[in-house]
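One structure below.
2 protein chains.
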Amino acid sequence: MPKKELMTIFGETVRELRESHGWSQEQFAVEAGLHRTYVGSVERGERNITLNSTWRIAEALDMSASSLLTLVEAKL
Amino acid sequence: MPKKELMTIFGETVRELRESHGWSQEQFAVEAGLHRTYVGSVERGERNITLNSTWRIAEALDMSASSLLTLVEAKL
Numbered sequence: 000m001p002k003k004e005l006m007t008i009f010g011e012t013v014r015e016l017r018e019s020h021g022w023s024q025e026q027f028a029v030e031a032g033l034h035r036t037y038v039g040s041v042e043r044g045e046r047n048i049t050l051n052s053t054w055r056i057a058e059a060l061d062m063s064a065s066s067l068l069t070l071v072e073a074k075l
Numbered sequence: 000m001p002k003k004e005l006m007t008i009f010g011e012t013v014r015e016l017r018e019s020h021g022w023s024q025e026q027f028a029v030e031a032g033l034h035r036t037y038v039g040s041v042e043r044g045e046r047n048i049t050l051n052s053t054w055r056i057a058e059a060l061d062m063s064a065s066s067l068l069t070l071v072e073a074k075l
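As they're listed, the protein sequences go chains B and A.
In terms of numbering that gives the first Met the number 0, the first sequence opens at residue 0 and continues consecutively.
In terms of numbering that gives the first Met the number 0, the second sequence opens at residue 0 and continues consecutively.
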């Protein structure tokens with residue numbers, strides 16, 4: 000699967016989950032220990048995110064990284 | 000969880016799965032479309048691997064990325 004598609008769908012999934020928590024990008028960034036502009040670029044699929052950041056994002060969303068990827072895979 | 004621990008356990012898990020297929024690092028690298036020395040450094044936990052490379056490694060191991068991470072999470 001092309002890298003761009005994976006990151007686009009990953010970003011869309013993170014955005015949906017963040018919004019379902021009612022968090023702004025800024026609130027979520029604080030929760031995840033990441034910078035707000037970084038979260039924005041992840042949500043737009045612009046980042047080839049690391050596994051470590053995937054973990055932090057999943058933890059901030061109160062889920063495991065494997066559960067987050069299961070949601071991503073369902074959309075691919 | 001510390002970044003180092005995640006990458007160490009991720010690398011150990013990839014090594015175990017690769018060996019269970021009976022593949023050398025070189026054979027596996029060809030299968031995954033990655034460089035042999037890169038695979039070696041991933042297995043030693045030396046790389047903060049990207050999500051994209053995680054996907055390629057999982058595909059080469061005939062499993063989904065979420066399934067690979069489930070195995071990693073079970074060891075954390």
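Cβ atoms here follow ideal geometry from the backbone N, Cα and C, with glycine treated the same way.
TODO: Using beta-carbon positions only, say whether E72/A and S52/B come within less than 9 Å of one another.
DONE: The Cβ atoms of E72/A and S52/B do not sit closer than 9 Å to each other.
TODO: Please list the partners that I48/B has in chain A, where partner means a Cβ-to-Cβ separation under 9 Å.
DONE: Result: T49, L50 and N51.
TODO: Please list, in chain order, all residues of the same chain as R17/A whose beta carbon is under 6 Å from its beta carbon, the five residues on each side excluded.
DONE: F27, listed in sequence order.
Task: Under 9 Å by beta carbon: chain B residues contacting F27/A - done: By Cβ distance, chain B contributes nothing, its closest Cβ being about 18 Å from F27/A, past 9 Å.
- [ ] State yes or no: is the C-beta of V13/B within less than 9 Å of the C-beta of E58/B?
- [x] no
TODO: Note down, in chain order, each residue of its chain lying with its Cβ closer than 6 Å to the Cβ of L67/A, except the 5 sequence neighbours on either side.
DONE: A57
Task: Contiguous alpha helix (DSSP H) assignments of at least 4 residues, all confined to the segment 14-52 of chain B - done: 24-31 and 35-42
Open item on the list: Tell me which residues share the same chain as G44/A and place their Cβ nearer than 8 Å to its Cβ, disregarding the 5 neighbours each side in the sequence.
Closed with: The residues are K3, M6, T7, I8, F9, G10 and E11.
Task: I48/A vs L75/B beta-carbon contact at 9 Å - done: no
Open item on the list: On the criterion of 16 or more Cβ atoms from any shown chain inside 10 Å, does S65/B qualify as buried, or is it exposed?
Closed with: buried
Task: Start and end residues, alpha helix (DSSP H) containing S65/A - done: A64 to E72
- [ ] Would you kindly work out how many angstroms separate the C-alpha atoms of H20/A and T69/B, rounded to a whole number?
- [x] 24 Å
- [ ] Determine the DSSP secondary structure at L75/B, reduced to helix, strand or coil.
- [x] coil
TODO: For S63/A, go through chain B and note every residue whose CB falls closer than 7 Å to its CB, in chain order.
DONE: E72
Open item on the list: I want to see whether chain A comes within less than 9 Å of S66/B, judged by CB atoms only; does it?
Closed with: yes
Task: Contacts that T36/B makes with chain A (C-beta to C-beta distance below 9 Å) - done: The premise fails here: T36/B is roughly 19 Å from chain A at the closest Cβ pair, so nothing lies under 9 Å.
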